[in-house]
Structure formats: C-alpha cells, structure tokens
Amino acid sequence: MRFTRFIVRNALILFFLSFTYLFAGCGTQSARTFMNDKNTSESDQKTSVAFEEVRRLTTEVMIGTYRIAENLEKTTKLYGLLQDKKFKRSAPIPILEDGEYLLAIQPKMKNEVYGDIEISKIVRSKTGFQVFYREVKNSQYAEEKLKNPVIIVKIKGAVPAKVDLIRI
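Heads up, the sequence shown is in our numbering, so the first residue is 1160 and it goes up one at a time.
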C-alpha cells in the first residue's frame, strides 16, 4: 500500500512538472511546435531574422527594391554604386564573416517623398524573406530635398531566394 502511494505521488509530481515545463515555454522546440496550431506544419511557420543596420543613406542611384551582397566582390560593387561622387573616399566597407551577407533595400516611397524608412522586422518564410518597413518623416531629408532612402543590414544565415518588401 505504501509503495503504491509512493509511485502515484511521484507520478503526479512528475506529470505536474512536465506539464509546467511544457507550457511555461521552457520545453524543447518540438514541445513548442506541439503547442502551435495543429493545422500549420513546421515548414509553413515564419521565423524572425536577426539583423544589424550597417548603413543608412539617400541616393539618386536606383538599385531596385533590394540587392544582396554575400561576398567581398559584390559588397565592393554595391558600395561603389552607392558612393557619393562629391567625396573622394567611400564609406567604410563592412567585413563579412562566414555565413553573413548584406541586404540593401530601397523601396519606392508612397507617403513620404522626402522621408526615411525604418525596418520593423525581417521574417523568413519558406519562399524567402519578408521585410516589414514603415515610412517615417525626416525633417533633414525634407529640408535638403533628399529622397530614395537606402538601408543596408547585415544578416547571418542562408541567403534567401526572394525578398518581399511589405510597407506597414
């Protein structure tokens, strides 16, 4: 009788601790996946991508909505394209470690012609990246009539096949 009570009590404690661990968010990735909607598979889920802003500028040169530089040659080409011809020296070119690349975005401004852009988040989906950005007012850009803002960010990981810019 005593032994049975001991087993039941320990089983209840173990069940309670497992349940708490699972739903407190401390469990493994598979446990967190279990808590997500059962209708969405793991490949359909979107994951947030960490990024570091490297440079911000405005330019009359149109690079397209985005450009990726994953090696020194492409980085040098990108910085050469964006270099201000009024100055002899270019901005310092960042060094890329293994698995890092640069993503330069230049969306078409809709609300703020002389405004700036701010990236709120970058999300990796199964088809590529989704970059969520917003147009923000910039009094300096408005005074100097600067347009076509560009942001260059450094990202670590696999280079996406496609990048979608989403204005929020």
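Just so it is clear, CB atoms sit at the ideal spot from N, CA and C, and this is done for glycine as well.
If you ignore the 5 residues before and after T1235, its C-beta comes within less than 8 Å of the C-beta of I1252, all in its own chain and listed in chain order. Residue environment for L1240: exposed (fewer than 16 other C-beta atoms within 10 angstroms of its C-beta).
Of Q1299, R1293 and K1313, the smallest CA-CA separation from E1256 is found for K1313. The C-alpha of K1245 is placed about 21 Å away from the C-alpha of Q1265.
Going by C-alpha positions, I1254 is about 32 Å away from A1301. Beta-carbon to beta-carbon, V1309 and L1231 are separated by about 20 Å, too far to satisfy the 8 Å threshold.
By the Cβ-count criterion, I1276 is buried, with 16 or more other Cβ atoms from all chains shown falling within 10 Å of its own Cβ.
Annotated three-state conformation of K1304 is coil, per DSSP.
The DSSP-derived three-state label of T1286 is coil.
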